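Note sheet for the following structure.
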Amino acid sequence: MKQYYVENLYGLDDITDFFRVIRSDIKTDSRGKQYLDVLLGDKTGEITAKKWDVEPVEEETLRVKVRPGVIVKVRASVGEWMGAAQLKIKRIRPLAESDVIDMEDFVKAAPEPPQEMFDYISARAESMTDEDYRKVALYLLDENKEALLYYPAAKSNHHAIRSGLLWHIKRMLALGEKCCEVYEWLERDLLICGVIIHDIEKLREMDADEMGLVAEYTFEGQLLGHLVMGVRTIDRLAAELGIPGEKAVMLEHMVLSHHYEPEFGSPKKPMFPEAEVLHHLDMIDARLYDFEDTLKSIQPGSFSDWVRALDGRRVYKPEYKE
Ligand SMILES: [Fe+2]
Ligand SMILES: [Fe+2]
Numbered sequence: 011m012k013q014y015y016v017e018n019l020y021g022l023d024d025i026t027d028f029f030r031v032i033r034s035d036i037k038t039d040s041r042g043k044q045y046l047d048v049l050l051g052d053k054t055g056e057i058t059a060k061k062w063d064v065e066p067v068e069e070e071t072l073r074v075k076v077r078p079g080v081i082v083k084v085r086a087s088v089g090e091w092m093g094a095a096q097l098k099i100k101r102i103r104p105l106a107e108s109d110v111i112d113m114e115d116f117v118k119a120a121p122e123p124p125q126e127m128f129d130y131i132s133a134r135a136e137s138m139t140d141e142d143y144r145k146v147a148l149y150l151l152d153e154n155k156e157a158l159l160y161y162p163a164a165k166s167n168h169h170a171i172r173s174g175l176l177w178h179i180k181r182m183l184a185l186g187e188k189c190c191e192v193y194e195w196l197e198r199d200l201l202i203c204g205v206i207i208h209d210i211e212k213l214r215e216m217d218a219d220e221m222g223l224v225a226e227y228t229f230e231g232q233l234l235g236h237l238v239m240g241v242r243t244i245d246r247l248a249a250e251l252g253i254p255g256e257k258a259v260m261l262e263h264m265v266l267s268h269h270y271e272p273e274f275g276s277p278k279k280p281m282f283p284e285a286e287v288l289h290h291l292d293m294i295d296a297r298l299y300d301f302e303d304t305l306k307s308i309q310p311g312s313f314s315d316w317v318r319a320l321d322g323r324r325v326y327k328p329e330y331k332e
């Protein structure tokens, strides 16, 4: 979140700002009084905010007007809770017609321009020497280019940002290349192709708008998920592009096994090294995204709140990291 808030903890002046509502709830405190508990965000990050002592007459209005997705104007003082800045709301209202805002200011986006990330990924695909894997990767990139440029990689967890899926694929590719330098017997083209296709069906698993915000999972996304949907896509492509059966099934296995555990959707664990590496690249990139994101919101020398995406762990930021 804006550095300003962290520097102005308990500052005397109120802040007045626009935010996008990410989560909103009316809760009851230990005194039996109701309060509004919201997570607010803009492209710089997220911040929790509370409006204490909500009167019963206000409750319904707040539920309707302060709901996820809407832009609100907030006047608040800046305090702190568990090492992170938190807003104490004095006034909150939805966007009025006279307010001038730029929607792009309210959505977090990957730190690199989408077209550049896309070009990087295409160049890796282009550089493959295995004609079959090359064909599959290039075909998928071309077929999905438009959506790839803005799609997030998740609804709420890691890379739930505009162009997050490209950012995820790009970093996994860069990391995968390094892995192949150390374990030079790994089949680079197979790994690269696996990275490019492993989450490609997230484009059809979730419904995202051009801001990269996901409203819902699709019907197929709910019932099948991106692993099974990915297998179906490879099946179709293999027939269309004339990919030999063994290679097609290996790619399908990579997609199917990349979540590793049955409770996370994988019916099989990886059965060859490139599939094993794909899973770990995926985990490293997802986890480090969540660590990096969490570290941004805490002060040196303190622990974060429990991070759901990191299995409820708290993250520590060393004191010397001023
Ligand atoms: Fe996945
Ligand atoms: Fe992934």
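Residue numbers (the numbering used here): 11 to 332.
All C-beta atoms in this analysis are idealised placements derived from N, C-alpha and C, irrespective of residue type, glycine included.
Everything numeric in this text was worked out from a predicted model, so none of it was measured.
Please report the Cβ distance between residue i and residue j, rounded to the nearest whole angstrom; I am assuming they are in contact, meaning their Cβ atoms lie under 8 Å.
i    : j    : result
M216 : V224 : 5 Å
Y160 : L213 : Rounded, the Cβ-Cβ distance is 10 Å, inconsistent with contact.
I308 : G93  : 5 Å
N154 : I210 : 6 Å
To the nearest angstrom, how far is the alpha carbon of residue i from that of residue j?
i    : j    : result
L247 : A147 : 10 Å
F229 : R242 : 15 Å
L305 : K331 : 10 Å
E114 : L46  : 26 Å
Just tell me which of the options has its CA closest to the CA of residue i.
i    : options                  : result
D295 : H178, D129 and V82       : H178
G89  : L46, P123 and I25        : I25
L151 : A164, D129, K83 and R101 : D129
M127 : L176, V31 and A94        : L176
F301 : D315, H289 and L288      : D315
V238 : E262, Y45 and D112       : E262
E68  : I102, P78 and S173       : I102
N167 : V325, A95, V317 and R324 : V317
M264 : K278, G255 and G252      : K278
D52  : T38, I111, L233 and P283 : I111
Tell me the residue span of the alpha helix (DSSP H) that contains residue i.
i    : result
G255 : G255 to S267
K180 : G174 to V192
S132 : P124 to E136
E70  : P66 to K75
R144 : E141 to L158
D303 : P283 to K306
R198 : R198 to H208
Look up residue i in the DSSP assignment and give the residues it is bridged to.
i    : result
F313 : Y326
M216 : Y227
G240 : BP columns for G240 are empty, so no partner.
D112 : Bridge partners of D112: none, in fact.
L50  : V31 and I57
Q44  : T38 and V64
For the beta strand (DSSP E) holding residue i, just list the boundary residues, first then last.
i    : result
I32  : I25 to T38
I102 : A94 to P104
R85  : I81 to W91
For residue i, decide whether its Cβ has a neighbour in chain C, counting only Cβ atoms nearer than 8 Å.
i    : result
K279 : The structure shown contains no chain C; it holds only a single protein chain.
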